[in-house]
Amino acid sequence: MAARELVVLGTASQAPTRHRNHNGYLLRWDDQGFLLDPGEGSQRQMLLAGVPASVITRICLTHFHGDHCLGVPGVVQRLSLDQVPHPVHAHYPASGAEYFARLRYASSYRESADLREHPIDGDGPIALDSFGTLETRRLDHPVEAFGYRLVEPDGVRMLPERLAAAGIAGPAVGELQRTGRLGDVRLADVSAPRPGQRFAFVMDTRLCDGVYALAEGVDMLVIESTFLDEDVALARDYGHLTVGQAASVAAECGVRTLVLTHFSQRYTEPERFTDQARAVFGGEVVVAADLMRVPVPKRRVSEPGRHGER
């Protein structure tokens, strides 16, 4: 199974700097690749990060401000140039369909990639596939914006010592997993719950119900923290979060790994974001930097026990 990790392509808000590319992220999730909010220069950042266009299976845009979508033309054209064989699904706010059309056909090229558009017009599930469920929630920004939440279904992990004690081995294990019972042995007798992993992506927004719904119980929360706490008035005026607000969401929602990003160009000391976040949130804090790779935390381990009903 391929690694589950976040590849950070850029961390700047509004305008790139000498040290930060425009916003952009690639979530590698088994055989899936979610390209999230590719800002200008994302295609080159992918090359620097060693990420080929062929890993992209979905493009997810939160909104149509330039720092979250100006990388779309290059990426879309690269899909055709590299003759990516599988369909690539594009999710974006329906109100920006005209913008997406302009980005998709920003210049002349020979389109061969199978790019399938899925405009978003409300909260709820938008895709169901091998990865689980991809959901959206509306955010609070001056233009229509949505955040994304990836939910893997819960499963079970088999317990070798209990399988051995029950005399179950080889193909019989698979049969038990498929049917739930093998003779007098239930699946619940020889397994333990395996919680599905969860990931959330929250970009430009003020605090709102959608932020909390997206972040609830996730293993990794990637969230904008455009401003330091002393600039909370600017954050409110421009429809953004401060680092303290982002960290408070993580603490309240039981997040395991908090990834802060989308930093205003006015700040040059990333350790200030670390300090302000850790004053509020006791879990793992990552202040994102360009080309950083952040692994999704290992699964939570449930204790073996009796579960399910006979």
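Quick note on the numbering used here: the sequence shown kicks off at 293 and runs consecutively. Glycine included, every Cβ here is placed at the ideal spot set by N, Cα and C. Since the model is a prediction, treat every value here as computed from it, not as a measurement.
Beta-carbon within less than 6 Å of residue i's beta-carbon, same chain only, minus the 5 sequence neighbours each way: which residues are those?
i    : result
V514 : F493 and V551
I351 : L327 and A382
V477 : A458
E436 : P385 and S387
G536 : D521, Q568 and V572
Which class does residue i belong to by DSSP, given the choice of helix, strand or coil?
i    : result
Y559 : coil
F519 : strand
L550 : strand
G536 : helix
F423 : coil
P452 : helix
E283 : Since the first and last residues shown for the chain are 293 and 602, residue 283 lies out of range.
V503 : helix
L442 : strand
E508 : coil
F491 : strand
R409 : Residue 409 is actually Glu in this sequence, not Arg. Here E409 sits in strand by DSSP.
A304 : strand
V586 : strand
Taking a contact to mean a Cβ-Cβ separation below 9 Å, would you say residue i touches residue j in this structure?
i    : j    : result
R579 : P562 : According to the sequence shown, residue 579 is Val rather than Arg. Result yes, Cβ atoms of V579 and P562 sit closer than 9 Å.
A451 : L468 : Per the sequence shown, the amino acid found at residue 451 is Leu instead of Ala. Their beta carbons are not under 9 Å apart, which means L451 does not touch L468 by this criterion.
V299 : V367 : no
R432 : G502 : For the record, residue 432 in the displayed sequence is Asp; it is not Arg. Cβ atoms of D432 and G502: closer than 9 Å.
D511 : P485 : no
Y401 : F392 : no
H311 : D582 : yes
G439 : T354 : yes
R591 : P487 : yes
Taking residue i as the reference, which of the options has the closest Cα?
i    : options                   : result
G574 : A539, K590 and V448       : A539
Q568 : V586, G488, T553 and L520 : L520
H360 : V535, M512 and L395       : L395
L362 : Q375, R470 and A398       : A398
L499 : D476, A542, R296 and K590 : A542
G472 : P487, V448, S387 and Q489 : V448
H554 : G531, A571 and C545       : G531
Once the 5 residues before and after residue i are set aside, which same chain residues still bring their CB inside 7 Å of it?
i    : result
L455 : A461, V465 and V482
D415 : T428, R429 and R430
Y556 : At residue 556 the sequence reads Ser, which differs from the Tyr that was named. If we look at S556 and ignore the five residues flanking it on each side, its Cβ neighbours are S305, T518 and F519.
H271 : This structure cannot settle anything about residue 271, because the visible part of the chain is limited to 293 through 602.
E297 : R320, R585, V586, P587 and V588
Short of 8 Å in beta carbon distance, which residues of its chain neighbour residue i, apart from the five on each side in sequence? Order them along the chain.
i    : result
M293 : Here M293 scores only 42 on pLDDT, less than 50, and its place in the model is too uncertain to base an answer on.
Minimum length 3: unbroken beta strand (DSSP E) runs contained in the segment 456-487: 483-486
In chain order, which continuous runs of the alpha helix (DSSP H) of length 4 or greater are located wholly inside the segment 307-392? 334-341 and 364-373
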